[in-house]
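Structure record follows, encoded as structure tokens.
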């Protein structure tokens, strides 16, 4: 298992399942306790993926020709593995032979990517007469609308402005840029107006519809207003007709304008009453930005990049009153229904989400404030559009600064932000799709494969991913048809096909087809195969995602209890034991890590929400839902590496016992990375030994964990908070909070010198196990 | 395009004045004190002593002493003896000392003495031309000026010394050449002219009328019934037969009567004026106070006159306004009595001797009837015309500012009346009795002063508040709800397609650009600017920005201000940005294709931006507000479309379309925002609806229709400049208090009223007048004094809070005749005008006209019935003071507002213009001044810049002539069909009338005529404090018709001729008598 992690367990397909063999019936499936689910990374990069410059071949069931189709070369026909229908190859496939296969039929190419013509409405698909490759109309450039909060102190605004300037400098030259700033009112800057800076001002406390916004910006169909400035740009962007190019300009053209505009941009000039929060109309600003993008041609990839420095207090989307004596809602308030603004705000952001999804545009949220800004309310808009979210405490903090830069950077580290994705899932008969958890929204495409029960975005076999990137990950929940035959049929294999259509950063339309197969097993006979098909990490992550979802959607849901009972059921089902004899309890290696994952999940920020603000919880959960299994696993159960003299870095137990005076520990809790120096190490370092020539070894020891942590920081988005601390230092809590409290003040006297204890009443892993075995074996 | 006059340039003389084509009222004006400011501003006014400069002669002068018989020398007509004149001849002795009165006798008529008016044969020259050239000298002789009558003149007139004050009068002008020609002879024969119109003229000021001594008797025409054959009048003193040579002005009706029989006219016996009243006035002798016109009773149809028949009324003899003479000195009180004020348009210098200057407050009657019955019997209105910040004459003493320190001004503890010269101190000065409520107050300890032997406080003469009718008190904290507001100027400019394309935007920007330097200096001056089309564009003028930032408010249904600060910035901080911005606005919107205007929303948005401070909002609007808050529809066109249905409701178009703007206006007023609207349009803008905003906020509407980018920008600039530089105040509250027995009934003007007793004026300036109607609630004591006090609490542009207190104390009377003698024509007419204007939107037009006419008739009837001594029914007898009342009433019924042939917007504008109109401008509005231009360089006007005015009758318009007519707002330059090309060349630099461009711009060419004309126009501008919108009118095209529509003495579709009207009035009176 450990090997697998380092070996890219997702492979080229980017698909991991809780169970890699499937029970045949719904009843059997429910006995498996852990649901049938797949975690997919729809556009994960992989060097082996074949790029095909022609259009895919569809079966009439809409599945795409793939490596699992059985082909009759002579008859030039192929049989769809999903519907079993036989299709004839079209003429351009006529040269097909066993030795001359099109890429999608190579057995190892279970994932291929097609280049398809862009789907600009009104323009039919055309093919290059010579190559047969599809040729589309000119690609619409991506659009970035920056939305900047100005209700901040001068310093914060300064940070935000310089981040923006940097970002604009990094944008591709042809990318179109728009700018909205807001405070008490929302300002849409008309960048194409050459005479002077010109902004359209929207009142902060009034909800405006998209049509009103367009009309008021002079972009509406009913508006007879022509562009007031002559920017004869021709129609190359396809925007001329709507006049939106007054507001959206190619980055190369407006960089200077924006720079000077940002230089002059002041903090919100409206007075703030003493004892009050500034009036901040985040809601209106976002709906105005969304409305502005509504004037773009459909199919244009666009994102709203919002930099928010505090809670919305004005107009729609308000999350808290202006009076500072009213604190921003806490989890407790939400539980007790004592958050007067919450539901209304969620409803408002939900409407923005719907609008953005309909337009195919993305909302990215960069929230930096010491207090909450309303991520919990805005979550729906960010998540359903596949937007990015970064939460930090200041725009000057590296968590924001570096993350923000990453969004726009090119090259290896780039996030590969893509637009306008749609995901369709085809699956074998008897398999039903319950829904998807992750950054997407349902397209409400009904079909025989759609389950009645819904988890997450359900009731469909197609989803919209307005924004997606190479690390985007979705969790698909499956169910089995209750009418399916229990008898082992001829079809021993089940097939799942994920068809993802998207627009890459260059504006090219691509279609990726991933087809996977798994085996049906008759679990009523034996569970052995089933057990071997269990993926503990995936199962843990799926459980975490499911728990989070349930906590958000089910009233009075007791997550800990639910997790415990699930774990107990699982152990009862798959453990080996004698009834009522806890000591006899053992778990198969395929399951052995799972209880520990659950132990950590119960302690994690996902379940123990009361340690966090609703904003943080929302933030953590969004990332949990959109990251791949390995990363999500780290979120649940951080990894700990120990560095000491005379041995290479090695994984350490996530236990307080791992702390030693002469060790450096590196904790990766995903959101934070902690470099923890043991007492002795810290003392030596403070005395400066590492600067001395004869203590090069020490210098190196100090150096290595730093470098490793930098590696983590560099790869990850959002950039984790890096904490460097010493044993007994105040920052050490970042480590201690994650460790198994095997040593607490209750048993401190048993501990050896140099180790550490955690002041907690939480149970340790050991105690947890004891209880688990006891309960699992109960009859 | 406009060259500003260097500050400090002497303004006084025309001669010296370089005569820039454009006139800048008040260009200097940066001084620090309001008073100074006014002084400076008033430089524009005619310099004292300049003969001819006085706009209109004060009426008193107009009265010829009755005792002088007048002879009309002319043509051997038998003169009747001196007609009993109601006008005091101007005894020379009475003349105002200082001012040599230019006497302008036309053709040698004598002024004072009983003159006989020769009725001149019609000369081709307007008689007005004949100004006696000598100022000061008694002009006995006819000046050989242009008038054709010199010959006659001497004879009759000589007798009396020229009245000092005598100005040339417009006496009857000779009948127009054409028609008149034939008549002259007859005229001569007929009539003894009754008038002294000379006299009138002479002594008089402007009003001097043709009617000399008051009574003009027209010879009766032998119509059906010649009244008394030869009209012998048994006038006590002399019956000069007045014959009016009827000049048929193409109107057969009147003309053609043989005047043959000189009729004797009887002047009503002079009503004895109690000595005190009369004598002092302007050097006139006791004034007779009535005028008479003989009117044949049986006026037949106008057409009845047989050709060749004698006209019954000589149009040249009937009362007409004259022109004024040089300034007189007016003491507000003499012999401890109120002194009736000179005519509002005359040139006078006030000495405040206890009562306020009539510029600030004048009453329709200078004595107060003791009972309501007496008042209603008189048929006159009792009202005050209050103009609290009116400009004073430069020679007048500035208003004194009194600071009572912490305690504030001394006031009556019961009615809160302010201390004034009429509060009576008793008990050794320890107490004083309030002259309003009669309450006895304790004198504040630190204000105590012993009384002298005369019963007055010993310090009276040192304390302005005890010896002056007008003083200003420094307001204490008690009078402030907040710190005095800064001077805030917000400009709102239309940049819709239309505005840009017609050049209106450029003109507005340019004008604003130029007036920036006229805004008060210093940190208290704030400026903001916004433009609008279908959206509203604000500009952040903060200095930190490299360039202004344009902030657009696109939601015109629910507007808001885009910034709380920085939209309105200290002028010193944003001058550069502002200039840059004003330069670029016209080009910035060059491509604009927005045809719509969100005027209402823009005003609202600007208001929101100004709300915290208040201030002046100046809006430049070019098209009908079509979108957003307060959007309007093209009601006029709709009204025209279904004319038949809309006929009855025609006046509805003169009412605001709905309440939206009114509600908004009240809110604006509440936050001390005053809105002025400059309408630079080519089309209907629904003036009736939009004018509600300025009206309610103490603002003003300026109209440039149709806007011409060529000729209007200078006026726009000058209007804006005057608007900003004229003396004015902000956040004002005004209340008028009256003595017991009288109370305020209603206020009328541009203001907002929230409580019954006070009016709120977000801004008030020197041009704005408020009419205050009064009513009795008790009887007054005969001989007692009734006082009126107007208190205006306001903030100066320099941020000082002041209370201007204006007190007028008049004596009460039980005598009807006293009321007529004390009637103030200007105020009476202003009152009638305002009431009519006020009613037009809510009443059917015929009703309004009828009311005006009736009110005129009622007064005349009352006089006829109770005061006139003449019994003949055939005579129309007019009280001297009101002798021009019929003429003005007629003019009113023919004025723009009361006609239906014009644009609805023009009428609405007129109605709105009238509501705040000052008294001196009331009469010119309906009875404009007309002068001839073509002969300006020929005639010698004794150094006067302006020739005497010509009566507004087409018979005085010659085809060879060029005339200029002005009403204080518009100026019409009329060019006849066959004007000498040399004159055209001189005036217009083109050889023929056809080549004069229709969009006329006044220019000065290098010749005497052009120079004189420019001087004359500039003089008028100065007098009116208005740049005048000069329009060229050519005979034969629509503009010519427009010009002729001002000839109110003609018979037109909208009403009878002057003579006909007099006949009508007379008949009505007769009916009533019977």
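Chains as they are written, first to last, in the numbering used here: chain A, 45 to 823; chain B, 19 to 1092. Positions of the beta carbon are idealized from the N, C-alpha and C atoms, including for glycine. Note that the coordinates shown come from a computational prediction; the quantities given were computed from them, not determined experimentally.
Problem - Where residue 314 of chain A sits in the DSSP three-state scheme - result: Indexing the first chain from 1 puts residue 314 of chain A at position 270. Coil at residue 314 of chain A, not helix or strand.
Problem - chain B within 8 Å of residue 315 of chain A, Cβ atoms only - result: Position 271 of the first chain holds residue 315 of chain A. Under the Cβ criterion of 8 Å, residue 315 of chain A is counted among the residues facing chain B.
Practice task
Leaving out five residues on either side along the sequence, give the residues of the same chain with a beta carbon under 8 Å from the beta carbon of residue 445 of chain B.
Solution key: Within the second chain, residue 445 of chain B is the residue found at index 427, counting from 1. Correct list: empty, nothing qualifies.
Practice task
Report the neighbours of residue 196 of chain A on chain B: residues whose CB is nearer than 8 Å to its CB, in chain order.
Solution key: Here residue 196 of chain A is taken as the residue at index 152 of the first chain, counted from 1. Neighbours of residue 196 of chain A on chain B: none; closest Cβ ~17 Å, over 8 Å.
Problem - Opening and closing residue of the alpha helix (DSSP H) in which residue 427 of chain A lies - result: Residue mapping note: residue 427 of chain A aligns to position 383 of the first chain, counting from 1. Per DSSP, the continuous alpha helix (DSSP H) segment holding residue 427 of chain A begins and ends at 419-428.
Problem - Under 7 Å (Cβ pairs) to chain B, residues found in the region 212-244 of chain A - result: Against chain B - using a Cβ distance shorter than 7 Å - the residues of the region 212-244 of chain A are 229, 239, 240, 241, 242, 243, 244.
Practice task
With residue 1058 of chain B as the anchor, note down where its alpha helix (DSSP H) starts and where it stops.
Solution key: Counted from its first residue, the second chain places residue 1058 of chain B at position 1040. Annotation: the continuous alpha helix (DSSP H) that includes residue 1058 of chain B extends over 1056-1062.
Exercise for the section: Please determine if the region 389-409 of chain B and the region 374-381 of chain B are in contact, where contact requires at least 3 C-beta pairs separated by less than 8 Å. Expected result: Counting C-beta pairs closer than 8 Å gives three or more between the region 389-409 of chain B and the region 374-381 of chain B, which meets the contact rule.
Handout entry: the region 996-1013 of chain B in contact with the region 924-933 of chain B per 3-pair CB rule at 8 Å
Key = The region 996-1013 of chain B vs the region 924-933 of chain B: no contact.
Problem - chain B within 8 Å of residue 304 of chain A, Cβ atoms only - result: One-based indexing of the first chain puts residue 304 of chain A at position 260. Chain B has a Cβ within less than 8 Å of the Cβ of residue 304 of chain A.
Exercise for the section: Output, in chain order, the set of chain A residues within a Cβ distance shorter than 8 Å of residue 1037 of chain B. Expected result: The count along the second chain starts at 1 and reaches residue 1037 of chain B at position 1019. Correct list: empty, because the minimum Cβ distance to chain A is about 44 Å.
Practice task
Would you mind sorting residue 642 of chain A into buried or exposed? The rule is 16 or more other CB atoms within 10 Å of its CB.
Solution key: Walking along the first chain from the start, residue 642 of chain A turns up at place 598. Burial call: buried.
Practice task
Take the Cβ of residue 1084 of chain B as the centre, count every other Cβ of all protein chains shown within 10 Å, and call the residue buried at 16 or more, exposed below.
Solution key: One-based indexing of the second chain puts residue 1084 of chain B at position 1066. Around the Cβ of residue 1084 of chain B, a 10 Å sphere holds 16 or more other Cβ atoms; the residue is buried.
Handout entry: Interface residues of chain A facing residue 563 of chain B [CB-CB closer than 7 Å]
Key = Translated into positions along the second chain, residue 563 of chain B becomes position 545. Under the 7 Å cutoff, chain A gives 308.
Practice task
Within its chain, find whatever has a CB closer than 6 Å to the CB of residue 665 of chain A; leave out the 5 residues flanking it on each side and keep chain order.
Solution key: Residue mapping note: residue 665 of chain A aligns to position 621 of the first chain, counting from 1. So the qualifying residues of the chain are 592.
Practice task
Can you tell me which of the three DSSP states residue 441 of chain A falls into?
Solution key: The residue labelled residue 441 of chain A in the question sits at position 397 within the first chain. Residue 441 of chain A falls in the coil class under three-state DSSP.
Practice task
Alpha carbon to alpha carbon, how far is residue 555 of chain B from residue 571 of chain B? Give it in angstroms, no decimals.
Solution key: Taking the first residue of the second chain as position 1, residue 571 of chain B is located at position 553. Taking the first residue of the second chain as position 1, residue 555 of chain B is located at position 537. Straight-line Cα distance between these residues: approximately 6 Å.
Handout entry: Burial state of residue 89 of chain A, where buried means 16 or more other Cβ atoms lie within 10 Å
Key = The sequence position of residue 89 of chain A within the first chain is 45, counting from 1. Residue environment: residue 89 of chain A is assigned as exposed (fewer than 16 neighbouring CB atoms within 10 Å of its CB, all protein chains considered).
Problem - Residue-chain proximity (residue 365 of chain B, chain A), Cβ-Cβ < 8 Å - result: Residue mapping note: residue 365 of chain B aligns to position 347 of the second chain, counting from 1. With 8 Å as the cut-off, residue 365 of chain B does not count as an interface residue toward chain A.
Handout entry: Neighbourhood of residue 495 of chain B by C-beta distance below 6 Å, restricted to the same chain and skipping five residues each side
Key = Translated into positions along the second chain, residue 495 of chain B becomes position 477. For residue 495 of chain B, where only same-chain residues beyond five positions count, there are no Cβ hits under 6 Å.
Problem - Among A:435, A:126, A:774, A:326, the one whose alpha carbon lies nearest that of residue 110 of chain A - result: Reading the first chain from its first residue, position 66 is the one you call residue 110 of chain A. Ranking the options by Cα distance to residue 110 of chain A, first place goes to A:126.
Problem - Residue interval of the alpha helix (DSSP H) (run including residue 874 of chain B) - result: On the second chain, position 856 is the one that residue 874 of chain B refers to. Looking at the DSSP string, the run of the alpha helix (DSSP H) that includes residue 874 of chain B is 863-884.
Problem - chain A residues whose Cβ lies nearer than 9 Å to that of residue 582 of chain B - result: Within the second chain, numbered from 1, the residue matching residue 582 of chain B stands at position 564. Those are 228, 313, 314, 315, listed as they occur along chain A.
Problem - Opening and closing residue of the alpha helix (DSSP H) in which residue 571 of chain B lies - result: Within the second chain, residue 571 of chain B is the residue found at index 553, counting from 1. The continuous stretches of alpha helix (DSSP H) do not include residue 571 of chain B, which lies in the beta strand (DSSP E) extending over residues 567-571.
Exercise for the section: Evaluate contact between the region 719-727 of chain B and the region 788-795 of chain B, counting only Cβ atoms and requiring at least three cross-stretch pairs below 8 Å. Expected result: Taking 8 Å as the limit for Cβ pairs, the verdict is that the region 788-795 of chain B does not touch the region 719-727 of chain B.
Handout entry: Closest residue to residue 300 of chain A among A:221, A:485, A:682, A:337 (Cα-Cα distance)
Key = One-based indexing of the first chain puts residue 300 of chain A at position 256. Looking from the CA of residue 300 of chain A, the closest CA among A:221, A:485, A:682, A:337 belongs to A:221.
Handout entry: Interfacial residues, the region 566-581 of chain B to chain A, with Cβ spacing under 7 Å
Key = Result list: 566, 567, 568, 569, 570, 571, 572, 573, 576, 578, 580, 581.
Exercise for the section: Taking only the alpha-carbon atoms, compute the straight-line gap between residue 349 of chain B and residue 335 of chain B and give it to the nearest angstrom. Expected result: The residue you call residue 349 of chain B lines up with position 331 of the second chain. The residue you call residue 335 of chain B lines up with position 317 of the second chain. Roughly 32 Å between the two C-alpha positions.
Practice task
Compute the Euclidean distance between the alpha carbons of residue 78 of chain A and residue 246 of chain A, then round it to the nearest angstrom.
Solution key: One-based indexing of the first chain puts residue 78 of chain A at position 34. One-based indexing of the first chain puts residue 246 of chain A at position 202. Taking the straight line from one Cα to the other gives about 50 Å.
Practice task
Could you tell me whether the Cβ of residue 46 of chain B comes closer than 8 Å to any Cβ of chain A?
Solution key: Locating residue 46 of chain B in the second chain gives position 28, counting from the first residue. With a pLDDT of 42 at residue 46 of chain B, under the threshold of 50, the modelled position of this residue cannot be trusted, and the question is left open.
Practice task
Determine, using beta carbons only, whether residue 949 of chain B and residue 870 of chain B come nearer to each other than 8 Å.
Solution key: Numbered from its first residue, the second chain carries residue 949 of chain B at position 931. Numbered from its first residue, the second chain carries residue 870 of chain B at position 852. Cβ distance not < 8 Å, so residue 949 of chain B and residue 870 of chain B don't count as in contact.
Practice task
Within the same chain, show all residues whose beta-carbon is closer than 7 Å to that of residue 1019 of chain B, passing over the 5 residues directly before and after it, in chain order.
Solution key: Here residue 1019 of chain B corresponds to residue number 1001 of the second chain, with the count starting at 1. For residue 1019 of chain B, where only same-chain residues beyond five positions count, the Cβ hits under 7 Å are 728, 729.
Handout entry: Cutoff 8 Å: residue 602 of chain B Cβ touching any chain A Cβ
Key = The residue given as residue 602 of chain B occupies position 584 in the second chain. Answer yes: the Cβ-Cβ gap between residue 602 of chain B and chain A drops below 8 Å somewhere.
Problem - Check whether residue 614 of chain B and residue 645 of chain B have beta carbons under 8 Å apart - result: Here residue 614 of chain B refers to the residue found at position 596 of the second chain. Here residue 645 of chain B refers to the residue found at position 627 of the second chain. Contact flag set, yes.
Handout entry: Cutoff 6 Å; reference residue 470 of chain A; Cβ partners in own chain excluding five residues on either side
Key = One-based indexing of the first chain puts residue 470 of chain A at position 426. Excluding sequence positions up to five before and after residue 470 of chain A, its CB lies within less than 6 Å of the CB of 107, 126, 541, all in the same chain and listed in chain order.
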